[in-house]
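K.L.:
Pasting a structure here, questions to come.
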Amino acid sequence: MTSSIVTDVSTLLMIDSASARDRDDAFSVIPLPDGRGWAIEVHIAGVADVVELGSVADEQAFLRAETRYLRSRTIPMLGETAEQAATLTADAARTSLRVTGTITTDGRLVDTAVGRGEIPSGRCVAVDHAEVPGILTDPAHPLHPQLAAADAAAQTLLTARRDGGALAFYDLTQGWAANEDGAIVAIAAELRTVAYVIVQELMIATNEAVALWCVERGLPILFRNHRPNPVAGSTDELMHEIAAAAGDPDLFAKLRGRLLSTLRAATYDPTVHGHYGLRLSAYTHVTSPLRRVADLMNQRIIFAYLDHSPAPYTPDQLAALGADLNRRTRAAREAKKNHFKHADQRIVVEQAATADLTALDSRRFHKVLKAEANGPLRAELAAELARRVDADLMTAPDVAVLIDAADPTWLPIQLRVLDTLAGTHPEMSPSVASVWRQAHPDQPPTDLEIRRSGADHNPLFAARATHLGVRGPWAIAAAKKPAEQAAIWAAVRAQLTGTDHPDTKPDWPATEPSPQPTTPPPPAPMISGPAPSGVPHRTTTPANLNLEGAKKSKALSNPTAWLMSLAQNNNQNPPEWEFHADGPPHAPRFTATVHLAGHTATATATTKTAAKTASATALVEMLFA
Numbered sequence: 001m002t003s004s005i006v007t008d009v010s011t012l013l014m015i016d017s018a019s020a021r022d023r024d025d026a027f028s029v030i031p032l033p034d035g036r037g038w039a040i041e042v043h044i045a046g047v048a049d050v051v052e053l054g055s056v057a058d059e060q061a062f063l064r065a066e067t068r069y070l071r072s073r074t075i076p077m078l079g080e081t082a083e084q085a086a087t088l089t090a091d092a093a094r095t096s097l098r099v100t101g102t103i104t105t106d107g108r109l110v111d112t113a114v115g116r117g118e119i120p121s122g123r124c125v126a127v128d129h130a131e132v133p134g135i136l137t138d139p140a141h142p143l144h145p146q147l148a149a150a151d152a153a154a155q156t157l158l159t160a161r162r163d164g165g166a167l168a169f170y171d172l173t174q175g176w177a178a179n180e181d182g183a184i185v186a187i188a189a190e191l192r193t194v195a196y197v198i199v200q201e202l203m204i205a206t207n208e209a210v211a212l213w214c215v216e217r218g219l220p221i222l223f224r225n226h227r228p229n230p231v232a233g234s235t236d237e238l239m240h241e242i243a244a245a246a247g248d249p250d251l252f253a254k255l256r257g258r259l260l261s262t263l264r265a266a267t268y269d270p271t272v273h274g275h276y277g278l279r280l281s282a283y284t285h286v287t288s289p290l291r292r293v294a295d296l297m298n299q300r301i302i303f304a305y306l307d308h309s310p311a312p313y314t315p316d317q318l319a320a321l322g323a324d325l326n327r328r329t330r331a332a333r334e335a336k337k338n339h340f341k342h343a344d345q346r347i348v349v350e351q352a353a354t355a356d357l358t359a360l361d362s363r364r365f366h367k368v369l370k371a372e373a374n375g376p377l378r379a380e381l382a383a384e385l386a387r388r389v390d391a392d393l394m395t396a397p398d399v400a401v402l403i404d405a406a407d408p409t410w411l412p413i414q415l416r417v418l419d420t421l422a423g424t425h426p427e428m429s430p431s432v433a434s435v436w437r438q439a440h441p442d443q444p445p446t447d448l449e450i451r452r453s454g455a456d457h458n459p460l461f462a463a464r465a466t467h468l469g470v471r472g473p474w475a476i477a478a479a480k481k482p483a484e485q486a487a488i489w490a491a492v493r494a495q496l497t498g499t500d501h502p503d504t505k506p507d508w509p510a511t512e513p514s515p516q517p518t519t520p521p522p523p524a525p526m527i528s529g530p531a532p533s534g535v536p537h538r539t540t541t542p543a544n545l546n547l548e549g550a551k552k553s554k555a556l557s558n559p560t561a562w563l564m565s566l567a568q569n570n571n572q573n574p575p576e577w578e579f580h581a582d583g584p585p586h587a588p589r590f591t592a593t594v595h596l597a598g599h600t601a602t603a604t605a606t607t608k609t610a611a612k613t614a615s616a617t618a619l620v621e622m623l624f625a
């Protein structure tokens, strides 16, 4: 038995690319009197009337799952013959799934009716995306009233979705939009007009209306469910982040990657669980039966219900079909992710071999470092690593990648970077350990032992870290945190050199403690010869420091780290800094005074770090003079 056919005489708009051969939908939007909203009529191509259940075209559609749009060609889900027999056109009559209702002024689609429809020849009008902006600004155009009403209704729907917390984002200028899962996807150049927003908003509303219609009737279809991921953050926060990152290509790319990783993919299920990304209680896919097999299956179920015919799928079959689509969708997403990842790696490798490494920004340099860390170290990259650590450009992720390089050619620069950062940025070591741990969740975390000694008014803390089963030396300081920081650097160094430190007890100094760790980083490669053993001792009068083999140019390239190494080589306490700030809050001046083995130098700068470096430079100049 077939249900009655409903017809109408108003024009139906088919908005798509001029070259499109698979037109799924056509719609009409008419303003209601007194500004009470809009009457909407949507027709979806009746593909289920053309593609029979179990036919060759049906099997092909399920295997392909969706139409694939490649750069050079399009692979239709149904194949050319079935696609052209079902696509909407201005030149031939077509059956359809007809959805009507009212869009209210507060952005709700109500009074929904779902039924069979028939579109007579000549009722549809094809409109290219590029034509829509011109029609909207030309009141004399025959299609202006229809498109103006559709635009106003779509903007009302979009505003309501945003007010409801949906991740609804369009950037037609740069060519980005949020898909239903919340991921940021590219919009093809020919679609970047307001027409894209009109079609998207009207079809989202139609999918929701059909889902609710099926729920009210207890009709099981493949609902589109999207569950939240607690770590992704609220949609309000994400919208603010997207807006803030829109003007920064690098930041925007990182945000896109993060959203892709944290937001869960939507799934097809025969039960309703709501859609988090769209902030809807029920949602489905019915508006693209030419391009998505789930839409075709849902249309087939709805037609059978309207025709009072047996259901095309049993509940178990429907659940199995949805699960299979979900599995293949996950596999396709993973394959796509890997494709772009490998393509990017190839570009990075090529860039590493030919580009000027000094010109790379931090993100691209990190990728180059990651790509090359699996093989021997090239001289050009070694030089760039040395330059970047001396210029204070190394990040914790860079160091985490660097210490993973296993080829022996990397060891000198690994130690150089560790020794330099241990002196200039002791506070970075916990971040390095954390980043490394995130990349190696199967490995044990860097373990810390803490000991305490001394009186309450003058305590000493000793820390020792173990990295990948190798124990570092004890680091001693007057505060717990500096001791821990120094211990982590020392443990990573010990693991790289294969030097395990089995001492069960710290070698506590018998003299007044220093606020800096008393186990400073080992000597940097710029000074040759082994460091003398023994406990560092304080010098109250200027001591003669051995500068044999040292070069002033090397010392000035990183004076802070060089002074740390010099103290170690001469069995002295590490250099100590005193800071004094003056000047107005908006323009402070910092004075740093460095003390080493009775030698003192002072310098002033606009930042504390600059003052510290300047005082170290002054002391180096003094020592070589």
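Numbering follows the UniProt record's numbering, in which position 177 of the sequence shown is assigned residue number 177; successive positions increment by one, without gaps. Just so you know, even glycine gets a beta-carbon here, dropped at the ideal spot from N, CA and C. All of these numbers come straight from a predicted model, not from anything done at the bench.
When the Cα of THR358 is compared with those of ARG378, ALA383, ALA373, which residue comes out closest?
P.N.:
As a first step, residue 358 is located in the sequence shown; it is residue number 358 there, counting from the start. Nearest option by C-alpha distance: ALA383.
K.L.:
Kindly identify the DSSP beta-bridge partner or partners of MET14.
P.N.:
Within the sequence shown, numbered from 1, the residue matching residue 14 stands at position 14. MET14 pairs with ALA126.
K.L.:
Determine the burial state of SER309: buried for a count of at least 16 other Cβ atoms within 10 Å of its Cβ, exposed for fewer.
P.N.:
Position 309 of the sequence shown, counted from the first residue, corresponds to residue 309. Exposed, by the Cβ-count rule.
K.L.:
State the Cα-Cα distance for the pair GLY454 and PRO408, rounded to the nearest angstrom.
P.N.:
Locating residue 454 in the sequence shown gives position 454, counting from the first residue. Locating residue 408 in the sequence shown gives position 408, counting from the first residue. In this model, GLY454 and PRO408 are separated by some 42 Å (Cα to Cα).
K.L.:
Between the beta-carbon of residue 632 and the beta-carbon of THR606, is there less than 8 Å?
P.N.:
Outside the modelled stretch of the chain, which goes from 1 to 625, sits residue 632, for which no answer is possible.
K.L.:
If you reduce the DSSP assignment to three classes, tell me which class ALA605 lands in.
P.N.:
Indexing the sequence shown from 1 puts residue 605 at position 605. Strand.
K.L.:
Name the residue from ALA611, ASP582, THR617 whose alpha carbon lies nearest to the alpha carbon of ASN558.
P.N.:
For the purposes of this step, residue 558 is identified with residue 558 of the sequence shown, where counting begins at 1. The shortest C-alpha separation from ASN558 is found at THR617.
K.L.:
Between ASN326 and the rest of its own chain, which residues show a CB-CB distance below 7 Å, the 5 nearest in sequence each way excluded?
P.N.:
The count along the sequence shown starts at 1 and reaches residue 326 at position 326. Excluding residues within five positions, the ones whose Cβ falls inside 7 Å are THR267, TYR268.
K.L.:
For a test of the three-state rule: what should DSSP assign to residue 698, helix, strand or coil?
P.N.:
The requested residue 698 is not part of the displayed model; the chain covers only 1 to 625.
K.L.:
Alpha carbon to alpha carbon, how far is ASP324 from TYR69?
P.N.:
Here residue 324 refers to the residue found at position 324 of the sequence shown. Here residue 69 refers to the residue found at position 69 of the sequence shown. Going by the C-alpha atoms only, they are around 22 Å apart.
K.L.:
Tell me, which residues are paired with SER28 by DSSP?
P.N.:
As a position in the sequence shown, residue 28 is number 28, starting the count at 1. As a beta-bridge residue in DSSP terms, SER28 pairs with GLU41.
K.L.:
Quick one: grab the DSSP three-state call for ALA65.
P.N.:
One-based indexing of the sequence shown puts residue 65 at position 65. ALA65: coil per DSSP, three-state reduction.
K.L.:
Could you compute how far the alpha carbon of GLN284 sits from the alpha carbon of LEU402?
P.N.:
For the purposes of this step, residue 284 is taken as residue 284 along the sequence shown, with counting starting at 1. For the purposes of this step, residue 402 is taken as residue 402 along the sequence shown, with counting starting at 1. Note that residue 284 is Thr in the sequence shown here, rather than Gln. Computed Cα separation, rounded: 48 Å.
K.L.:
State buried or exposed for PRO289, treating a residue as buried only when at least 16 other CB atoms are found within 10 Å of its CB.
P.N.:
Taking the sequence shown and counting its residues from 1, the one referred to as residue 289 is at position 289. Its Cβ being crowded by 16 or more others within 10 Å, PRO289 is buried.
K.L.:
What would DSSP say about HIS457, mapped onto helix, strand or coil?
P.N.:
Position 457 of the sequence shown holds residue 457. Look at HIS457 here: in three-state DSSP terms it is coil, with no helix or strand label.
K.L.:
Report the three-state DSSP secondary structure of LEU147 (helix, strand or coil).
P.N.:
Reading the sequence shown from its first residue, position 147 is the one you call residue 147. Helix, per DSSP.
K.L.:
Can you give the Cα-Cα distance for LYS481 and ALA462, rounded to whole angstroms?
P.N.:
Position 481 of the sequence shown, counted from the start, is the residue given in the question as residue 481. Position 462 of the sequence shown, counted from the start, is the residue given in the question as residue 462. Cα to Cα, the separation comes out at about 10 Å.
K.L.:
Short of 6 Å in beta carbon distance, which residues of its chain neighbour THR206, apart from the five on each side in sequence? Order them along the chain.
P.N.:
Reading the sequence shown from its first residue, position 206 is the one you call residue 206. So the qualifying residues of the chain are VAL42, VAL99, THR287.
K.L.:
Okay, do the region 195-203 and the region 292-299 touch, 3+ Cβ pairs below 8 Å being the bar?
P.N.:
no
K.L.:
For the alpha helix (DSSP H) that contains ARG36, what are its first and last residues?
P.N.:
For the purposes of this step, residue 36 is taken as the residue at position 36 of the sequence shown. It is not in any alpha helix (DSSP H) - ARG36 carries neither H nor E in the DSSP assignment.
K.L.:
Is the beta carbon of THR193 closer than 8 Å to that of HIS273?
P.N.:
Taking the first residue of the sequence shown as 1, we reach residue 273 at position 273. Taking the first residue of the sequence shown as 1, we reach residue 193 at position 193. No.
K.L.:
Can you tell me whether ILE301 is buried or exposed, with buried defined as 16 or more other CB within 10 angstroms of its CB?
P.N.:
As a position in the sequence shown, residue 301 is number 301, starting the count at 1. Buried, because 16 or more other Cβ atoms sit within 10 Å of the Cβ of ILE301.
K.L.:
Identify, in the order they occur along the chain, each residue of the same chain with its Cβ nearer than 7 Å to the Cβ of GLY122, setting aside the five sequence neighbours on each side.
P.N.:
Counting from one through the sequence shown, the residue named residue 122 turns up at place 122. Contacts found: ALA90.
K.L.:
Between which two residues does the alpha helix (DSSP H) harbouring GLU208 extend?
P.N.:
Position 208 of the sequence shown, counted from the start, is the residue given in the question as residue 208. Counting along the chain, the alpha helix (DSSP H) containing GLU208 begins and ends at 194-217.
K.L.:
Does VAL50 come out as helix, strand or coil in the three-state DSSP assignment?
P.N.:
Translated into positions along the sequence shown, residue 50 becomes position 50. VAL50: coil per DSSP, three-state reduction.
K.L.:
Alpha carbons only, please: which of ALA26, ARG333, ALA85, GLY423 is nearest the one belonging to ALA483?
P.N.:
Reading the sequence shown from its first residue, position 483 is the one you call residue 483. Cα-wise, what sits closest to ALA483 is GLY423.
K.L.:
Considering only their Cβ atoms, is the gap separating ILE187 from GLY175 smaller than 8 Å?
P.N.:
As a first step, residue 175 must be located in the sequence shown, where it is residue number 175. As a first step, residue 187 must be located in the sequence shown, where it is residue number 187. The answer is yes: Cβ separation under 8 Å.
K.L.:
Just how far apart, CA to CA, sit residue 627 and ASN573?
P.N.:
Here the chain covers residues 1 to 625 and nothing more, so residue 627 does not appear.
K.L.:
Contact check, VAL51 vs ASP58 under 8 Å by CB: the rounded distance?
P.N.:
Locating residue 51 in the sequence shown gives position 51, counting from the first residue. Locating residue 58 in the sequence shown gives position 58, counting from the first residue. That pair is a contact at about 5 Å.
K.L.:
Taking the alpha-carbon positions, what's the TRP474 to LEU619 distance?
P.N.:
What you label residue 474 is simply residue 474 of the sequence shown in a count that begins at 1. What you label residue 619 is simply residue 619 of the sequence shown in a count that begins at 1. TRP474 and LEU619 have their C-alpha atoms spaced approximately 28 Å apart.
K.L.:
Who are the Cβ neighbours of VAL127 in its own chain at under 6 Å, not counting the five residues just before and after it?
P.N.:
Along the sequence shown, one-based indexing puts residue 127 at 127. For VAL127, where only same-chain residues beyond five positions count, the Cβ hits under 6 Å are LEU13, ILE15.
K.L.:
Only counting the same chain, and skipping five residues up and downstream in sequence, which positions put a Cβ closer than 7 Å to that of PRO315?
P.N.:
Within the sequence shown, numbered from 1, the residue matching residue 315 stands at position 315. Only PRO220, PRO270 meet the Cβ criterion.
K.L.:
How many angstroms separate the CA atom of HIS467 from the CA atom of TRP410?
P.N.:
Numbered from 1 along the sequence shown, position 467 holds the residue referred to as residue 467. Numbered from 1 along the sequence shown, position 410 holds the residue referred to as residue 410. Those two C-alpha atoms are separated by around 18 Å.
K.L.:
In chain order, what residues of the same chain lie with their CB nearer than 6 Å to the CB of VAL435, ignoring the 5 residues before and after it?
P.N.:
Working through the sequence shown from its first residue, we reach residue 435 at position 435. ALA396, PRO397, ALA400, listed in sequence order.
K.L.:
Can you tell me where the alpha helix (DSSP H) with ALA592 in it begins and where it stops?
P.N.:
Counting from 1 along the sequence shown, the entry for residue 592 is found at position 592. Premise fails: ALA592 lies in the beta strand (DSSP E), 589-596, not in any alpha helix (DSSP H).
K.L.:
State buried or exposed for ASP106, treating a residue as buried only when at least 16 other CB atoms are found within 10 Å of its CB.
P.N.:
Along the sequence shown, one-based indexing puts residue 106 at 106. With fewer than 16 Cβ atoms within 10 Å of its Cβ, ASP106 is classed as exposed.
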